[in-house]
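Asks:
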Amino acid sequence: MKKIPASIKRLLLQIKNQGFYAYLVGKCLEYELIGREADYWTIITNASEAALKKTDLIVDEGNKNNSDNWIYSLEYKQKDNSKITWRIFIKRQDNSAEAFFEDKLFTVDSVGYDGENYYDPYEGKEDIKNEVIDLVYMPQEYLEQHPEDLLTIVEKIAETGYDLSQELFSVLISKGGILTSQDKKTLTEKFQNIMTGEFTGKALKVMDETGMLAFLVGERLYKNRNKKEREAFQKYIQNIDRTKRILDRRIVSFYLGFWKKKDMRAMDNLDYDDDLKEKLRFAHQHLSDLYYLHKPTDLKDYLYKYGLKMYNFVDNISKIQARVYGLKTDGIGRRHMILQKIALENEPVFLEDLSMNAETLMKEGLAKDQQEADSLLDLLVYIVHRHPDYNEPHLLLSQVYRLNKNPLKKYRYKYLTKKL
Numbered sequence: 017m018k019k020i021p022a023s024i025k026r027l028l029l030q031i032k033n034q035g036f037y038a039y040l041v042g043k044c045l046e047y048e049l050i051g052r053e054a055d056y057w058t059i060i061t062n063a064s065e066a067a068l069k070k071t072d073l074i075v076d077e078g079n080k081n082n083s084d085n086w087i088y089s090l091e092y093k094q095k096d097n098s099k100i101t102w103r104i105f106i107k108r109q110d111n112s113a114e115a116f117f118e119d120k121l122f123t124v125d126s127v128g129y130d131g132e133n134y135y136d137p138y139e140g141k142e143d144i145k146n147e148v149i150d151l152v153y154m155p156q157e158y159l160e161q162h163p164e165d166l167l168t169i170v171e172k173i174a175e176t177g178y179d180l181s182q183e184l185f186s187v188l189i190s191k192g193g194i195l196t197s198q199d200k201k202t203l204t205e206k207f208q209n210i211m212t213g214e215f216t217g218k219a220l221k222v223m224d225e226t227g228m229l230a231f232l233v234g235e236r237l238y239k240n241r242n243k244k245e246r247e248a249f250q251k252y253i254q255n256i257d258r259t260k261r262i263l264d265r266r267i268v269s270f271y272l273g274f275w276k277k278k279d280m281r282a283m284d285n286l287d288y289d290d291d292l293k294e295k296l297r298f299a300h301q302h303l304s305d306l307y308y309l310h311k312p313t314d315l316k317d318y319l320y321k322y323g324l325k326m327y328n329f330v331d332n333i334s335k336i337q338a339r340v341y342g343l344k345t346d347g348i349g350r351r352h353m354i355l356q357k358i359a360l361e362n363e364p365v366f367l368e369d370l371s372m373n374a375e376t377l378m379k380e381g382l383a384k385d386q387q388e389a390d391s392l393l394d395l396l397v398y399i400v401h402r403h404p405d406y407n408e409p410h411l412l413l414s415q416v417y418r419l420n421k422n423p424l425k426k427y428r429y430k431y432l433t434k435k436l
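Under the working numbering, the first residue of the sequence shown carries the number 17, and numbering increases by one thereafter.
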């Protein structure tokens, strides 16, 4: 347990001595109790803005983010006389401090410190020290009345990395099936929060052990996973926290752990937006294509056909899979080097990189309308992928003449555009 800094204690007492209450709460207090360094502080109080201005707080009128939540700064002098500045989040309350703490679901959130004493009606301080999640209510009765909070509990695991109390863990096993009757949109939002937590792997492990995960992806599908899928899932939960907490990447990499088109069926069990579904569909169809992009022409063709945005997305998915499943990274490094070379040499990749446009083709009589001109430009892109030095107006015109005179050559490039 770390000592709460004297300047924070003094601030709390400065507010209290004006006749208001003030409690340190939240993550910063948890960090101090388990020995971690807090870099900001959250205080609940019923003090007026005028009262706060009489404290050591540095007032910045531009930092008021709404009528009840204010952001201040507080300078702290260290032993070597150097100064650091903390962010202080003031959450103003209209009700009593007791009402604030009674409104919390978890014991670890129902702890406050007023500069002299702890307010701890549910022994949350001890749970914080032991890194245990428990409810302020009787779990069995509470979850029967509030089944929507089953995933709220898992969200707390993903946020803190704490273990469940034995009683709460047992209740979750018995109540997991309630998820099937819950609103899909709400379940989806909560699962997305879980997937971007600091301790997602631990949260997924608990969901697996309590049976909740089966209800989110489909009981039959989850039960019928083969041995390799189950082994892949274990690696996923062990290593997913080593990846960046970016929602679409984590969600798609999770569902790709279900093989042979089961990934889309599993995702359909929740209510994701169309963009996320499209990203999974694209990764399902084209992620494996990355492993065959050995040459610059292959990579340029892929970028042109699917776009840089989707390429970057599946490339990041491949990096996640390499990190999570321990796969080789040779292909990732090779693609990165090819891309660097393309960028450094300013090689044409996209339609807008061509030194030719549809208007010129129609003016030269090489295309009778916009549609034919667009078709020819499309073929020219694939030509300059193979011959970057051809990207000059007179050379491109020469290529169009040849294409128009040689139907077989035109067919060859049309075939190439459909091949990917």
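Think of the CB as a built atom: it goes at the ideal place given N, C-alpha and C, for glycine as much as any other residue. As the structure is a prediction and not an experimental result, all values here were calculated from the model.
(1) Starting from F105 and walking both ways along the beta strand (DSSP E), at which residues does that stretch end?
(2) State the CB to CB distance for the pair D279 and L286, rounded to an integer number of angstroms; the pair is presumed to be in contact (CB under 8 angstroms).
(3) DSSP on S304, reduced to helix/strand/coil?
(4) Of all the options E157, Y341 and F36, which has the alpha carbon lying nearest to the alpha carbon of D110?
(5) Could you give the distance in angstroms between the alpha-carbon of L343 and the alpha-carbon of N328?
(6) Have a look at the DSSP bridge pairing and note the partners of A38.
(7) Does the beta-carbon distance from T61 to I24 come in below 8 angstroms?
(8) Looking at the secondary structure, which residues open and close the alpha helix (DSSP H) in which R246 lies?
(9) Can you tell me whether I20 is helix, strand or coil according to DSSP?
(10) Please list the terminal residues of the continuous alpha helix (DSSP H) segment that includes F116.
(11) Quick one: what does DSSP say N420 is sitting in, helix, strand or coil?
(12) Can we say the stretch 137-156 touches the stretch 45-53, given the rule of at least three CB pairs closer than 8 angstroms?
(13) Are Q198 and P163 touching if we call contact CB-CB under 8 angstroms?
(14) Can you give the beta carbon distance from T168 to L121, rounded, assuming they're within the 8 angstroms contact cut?
(15) Report the option in D390, I348, M353 and A54 whose CA atom is closest to the CA atom of F366.
(16) To the nearest angstrom, report how far apart V148 and T196 are at their CA atoms.
(17) Just to confirm before moving on: does the CB-CB distance between I267 and M223 stay below 8 angstroms?
(18) Can you look up I74 in the DSSP assignment and give me helix, strand or coil?
(19) Whole-angstrom Cβ separation of G347 and Y307, contact assumed at under 8 angstroms?
(20) Which residue's Cα is closest to the Cα of D125: N133, E139, E132 and S112?
(21) Terminal residues of the continuous alpha helix (DSSP H) containing S176?
(22) Since D179 sits in a beta bridge, which residues does DSSP pair it with?
(23) Can we say the stretch 369-377 touches the stretch 286-303, given the rule of at least three CB pairs closer than 8 angstroms?
(24) Whole angstroms is fine: what's the gap from Q356's alpha carbon to E363's?
(25) State buried or exposed for V400, treating a residue as buried only when at least 16 other CB atoms are found within 10 Å of its CB.
(26) In the structure shown, what three-state DSSP assignment does E91 receive?
(27) Tell me, which residues are paired with F122 by DSSP?
(28) Using the three-state DSSP reduction, which class does G128 fall into: helix, strand or coil?
(29) Would you identify the three-state DSSP class for N85, choosing helix, strand or coil?
(30) Sorted by chain position, which residues of the same chain lie with C-beta nearer than 7 angstroms to R281's C-beta, five sequence neighbours on each side aside?
(31) In chain order, what residues of the same chain have a beta carbon less than 6 angstroms from the beta carbon of T123, not counting five sequence neighbours either side?
(32) Less than 6 angstroms between C-beta atoms, sequence neighbours within five positions excluded: which residues of the same chain meet that for E91?
(33) Which residues in the same chain have their Cβ closer than 8 angstroms to the Cβ of R339, if we skip the five residues on either side of it in sequence?
(34) When the Cα atoms are used, what is the spatial distance from G78 to K69?
(35) Which value, in whole angstroms, describes the spacing of the CA atoms of Q156 and L188?
(36) Using the DSSP secondary-structure output, state which residues sit across from Y406 in a beta bridge.
Replies: According to the structure data:
(1) Position 89 of the sequence shown, counted from the start, is the residue given in the question as residue 105. Residues K99 to R108.
(2) Reading the sequence shown from its first residue, position 263 is the one you call residue 279. Reading the sequence shown from its first residue, position 270 is the one you call residue 286. Actually they do not touch by this definition, with Cβ atoms about 13 angstroms apart.
(3) As a working note, residue 304 is residue 288 in the sequence shown. The answer is helix: DSSP assigns S304 an H, G or I state.
(4) Numbered from 1 along the sequence shown, position 94 holds the residue referred to as residue 110. Checking every option, the nearest Cα to that of D110 belongs to F36.
(5) Against the sequence shown, residue 343 aligns to sequence position 327. Against the sequence shown, residue 328 aligns to sequence position 312. Approximately 19 angstroms between the Cα atoms of the pair.
(6) For the purposes of this step, residue 38 is taken as the residue at position 22 of the sequence shown. Answer by DSSP bridge pairing, in chain order: T61.
(7) Looking up residue 61 in the sequence shown gives position 45. Looking up residue 24 in the sequence shown gives position 8. No; because the gap between Cβ atoms is not below 8 angstroms, this pair is not in contact.
(8) By one-based count along the sequence shown, residue 246 stands at place 230. Its alpha helix (DSSP H) spans residues K243 to N255.
(9) By 1-based counting over the sequence shown, the position of residue 20 is 4. DSSP places I20 in coil when its eight states are reduced to three.
(10) Counting from one through the sequence shown, the residue named residue 116 turns up at place 100. Segment A113 to E118, the alpha helix (DSSP H) holding F116.
(11) The residue you call residue 420 lines up with position 404 of the sequence shown. In this structure, N420 counts as helix in the three-state DSSP scheme.
(12) yes
(13) Looking up residue 198 in the sequence shown gives position 182. Looking up residue 163 in the sequence shown gives position 147. A contact, by the Cβ cut-off of 8 angstroms.
(14) Taking the first residue of the sequence shown as 1, we reach residue 168 at position 152. Taking the first residue of the sequence shown as 1, we reach residue 121 at position 105. That belief holds up - the Cβ atoms of T168 and L121 are roughly 7 angstroms apart, short of 8 angstroms.
(15) On the sequence shown, position 350 is the one that residue 366 refers to. For the residues D390, I348, M353 and A54, the minimum Cα distance to F366 belongs to D390.
(16) On the sequence shown, position 132 is the one that residue 148 refers to. On the sequence shown, position 180 is the one that residue 196 refers to. If you take the alpha carbons of V148 and T196, they lie about 27 angstroms apart.
(17) The count along the sequence shown starts at 1 and reaches residue 267 at position 251. The count along the sequence shown starts at 1 and reaches residue 223 at position 207. No, the pair does not count as a contact, with Cβ atoms beyond the cut-off.
(18) Locating residue 74 in the sequence shown gives position 58, counting from the first residue. I74 falls in the strand class under three-state DSSP.
(19) Taking the sequence shown and counting its residues from 1, the one referred to as residue 347 is at position 331. Taking the sequence shown and counting its residues from 1, the one referred to as residue 307 is at position 291. About 6 angstroms; that satisfies the 8 angstroms criterion.
(20) Locating residue 125 in the sequence shown gives position 109, counting from the first residue. Minimum Cα distance to D125 is reached at E139.
(21) Mapped onto the sequence shown, residue 176 falls at position 160. Per the sequence shown, the amino acid found at residue 176 is Thr instead of Ser. That run of the alpha helix (DSSP H) goes L166 to T176.
(22) Here residue 179 corresponds to residue number 163 of the sequence shown, with the count starting at 1. DSSP output for D179 lists V148 as bridge partner(s).
(23) no
(24) Locating residue 356 in the sequence shown gives position 340, where the first residue counts as 1. Locating residue 363 in the sequence shown gives position 347, where the first residue counts as 1. One C-alpha to the other measures close to 11 angstroms.
(25) Counting from one through the sequence shown, the residue named residue 400 turns up at place 384. Looking at its Cβ environment, which holds 16 or more other Cβ atoms inside 10 Å, V400 is buried.
(26) On the sequence shown, position 75 is the one that residue 91 refers to. Strand at E91.
(27) Start at 1 with the first residue of the sequence shown, and residue 122 comes out as number 106. In DSSP, F122 forms a bridge with L151.
(28) Taking the first residue of the sequence shown as 1, we reach residue 128 at position 112. Reduced to three states, the DSSP call for G128 is strand.
(29) Looking up residue 85 in the sequence shown gives position 69. The answer is strand: DSSP assigns N85 an E or B state.
(30) Numbered from its first residue, the sequence shown carries residue 281 at position 265. So the qualifying residues of the chain are G234 and L237.
(31) As a position in the sequence shown, residue 123 is number 107, starting the count at 1. Excluding sequence neighbours, T123 sits near Y138, G140, D143, D150 and V152.
(32) The residue labelled residue 91 in the question sits at position 75 within the sequence shown. Answer for E91: K99 and T101, listed in chain order.
(33) Taking the first residue of the sequence shown as position 1, residue 339 is located at position 323. So the list reads N255, R258 and T259, once near-sequence residues are dropped.
(34) As a working mapping, residue 78 is identified with position 62 in the sequence shown. As a working mapping, residue 69 is identified with position 53 in the sequence shown. At G78, the pLDDT of 46 sits below 50, so the modelled position is not reliable; the number obtained from the coordinates is stated separately. Computed Cα separation, rounded: 14 angstroms.
(35) Against the sequence shown, residue 156 aligns to sequence position 140. Against the sequence shown, residue 188 aligns to sequence position 172. Going by the C-alpha atoms only, they are around 9 angstroms apart.
(36) Stepping through the sequence shown from its first residue, residue 406 is reached at position 390. DSSP output for Y406 lists no bridge partner at all.
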